[in-house]
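Following: one structure in structure tokens, then a few remarks.
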Amino acid sequence: MSPDILPRNFYLGPVLQVARNLLGMRLVHYDQGERLAGIILETEAYDGQQDLACHARVGKTRRNEVMFGPAGHAYIYFTYGMHWCLNCVTGEEGYAAAVLIRSILPVEGIATIAKRRSKVERPEWCNGPAKLTHALGIDGQLNGVDLCDINSPLIIEKGDDIPDQWIQSLPRVGINSVPEPWRSKPWRLHANLPPDWEKT
DNA sequence: AGCACGATTAACT
DNA sequence: GTTAATCGTGCTC
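Residues in the first sequence are numbered consecutively from 33, following this note's numbering.
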């Protein structure tokens, strides 16, 4: 039993609301039997085919088909010839929306994460979408896995609530060629934890 | 078949 | 601030 796994209905709301509620939750990868985990600190919302920054803008393809499926699954894509990025599918089946996980605070499996990210200092271990997937050993083999399944190697558990006061809304990153209004939508959510925030 | 580019990162001037 | 790394994807020919 792992009653802390977020249920599917957590992912059913509007994608921006899910992106907000994911802040403070715990991303967990069971990597060859070891628990690697981090607290989610930054997310971005991508809202369906009309959102010209969303991979679903071109319609359903082999690459993005998971986004068109049921909520609570992982959409993991390959980019720039070398990086993997992790998303959580949201909303009703057939509506292609997802939340990109952009930053986590590592809390479990620190030794393994440190080894994988030894080229950079600790604050930069997991402060980017491709940094955290590399740190946690997440890649395309996990594309489509059910984040709500007790037996899944990749899950998200309930964490601590983060007050609105600690959260900034900012424009999304890396979409400079996308037309307005999509380019400037403040759909990147960043949590600033106080220095004395408890780790576990 | 060929092409331009990407929801990025790390290293370098 | 600038740029190389490195290849799948979607589009054009």
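Backbone N, C-alpha and C fix where the C-beta goes; we use that ideal spot for every residue, glycine too.
Would residue i and residue j qualify as a contact pair, given that the criterion is a beta-carbon distance under 9 Å?
| i | j | result |
| --- | --- | --- |
| H222 | L73 | yes |
| I142 | L59 | no |
| L137 | I71 | yes |
| R215 | A103 | no |
| A106 | L186 | yes |
| I170 | W219 | no |
| V50 | C120 | yes |
| I207 | G56 | no |
| H61 | L225 | no |
| V139 | A69 | yes |
| E156 | R149 | yes |
| S135 | N159 | yes |
| L38 | C180 | yes |
Take the Cβ of residue i as the centre, count every other Cβ of all protein chains shown within 10 Å, and call the residue buried at 16 or more, exposed below.
| i | result |
| --- | --- |
| R146 | Here the sequence assigns Ala to residue 146, which means Arg is not the residue at that position. When all chains shown are included, A146 counts as exposed. |
| Y235 | Nothing about residue 235 can be read from this structure; the chain reaches only from 33 to 232. |
| G172 | exposed |
| V152 | exposed |
| V111 | Reading off the sequence, residue 111 comes out as Thr, not Val. Exposed, because fewer than 16 other Cβ atoms sit within 10 Å of the Cβ of T111. |
| W229 | exposed |
| L202 | exposed |
| E66 | exposed |
| V131 | buried |
| V90 | exposed |
| L114 | Just to set this straight, residue 114 is Met in the shown sequence, not Leu. Exposed is the call here. |
| N41 | exposed |
| P161 | buried |
| G123 | buried |
| E76 | buried |
| A52 | Note on residue identity: the sequence assigns Arg, not Ala, to residue 52. R52 is buried by the Cβ-count criterion. |
So if DSSP puts residue i in a beta bridge, which residue, or which two residues, is it bridged to?
| i | result |
| --- | --- |
| T111 | H115 |
| T75 | I133 and L221 |
| D63 | E66 |
| T122 | A129 |
| A8 | Residue 8 cannot be examined here, being either before or after the span of the chain that is shown, 33 to 232. |
| P138 | G70 |
| A106 | C120 |
Open item on the list: In chain order, what are the residue ranges of uninterrupted beta strand (DSSP E) at least 3 long that sit wholly in the stretch 170 to 204?
Closed with: 186 to 189 and 199 to 202
Task: Continuous alpha helix (DSSP H) assignments of at least 4 residues falling wholly in the stretch 36 to 60 - done: 47 to 54
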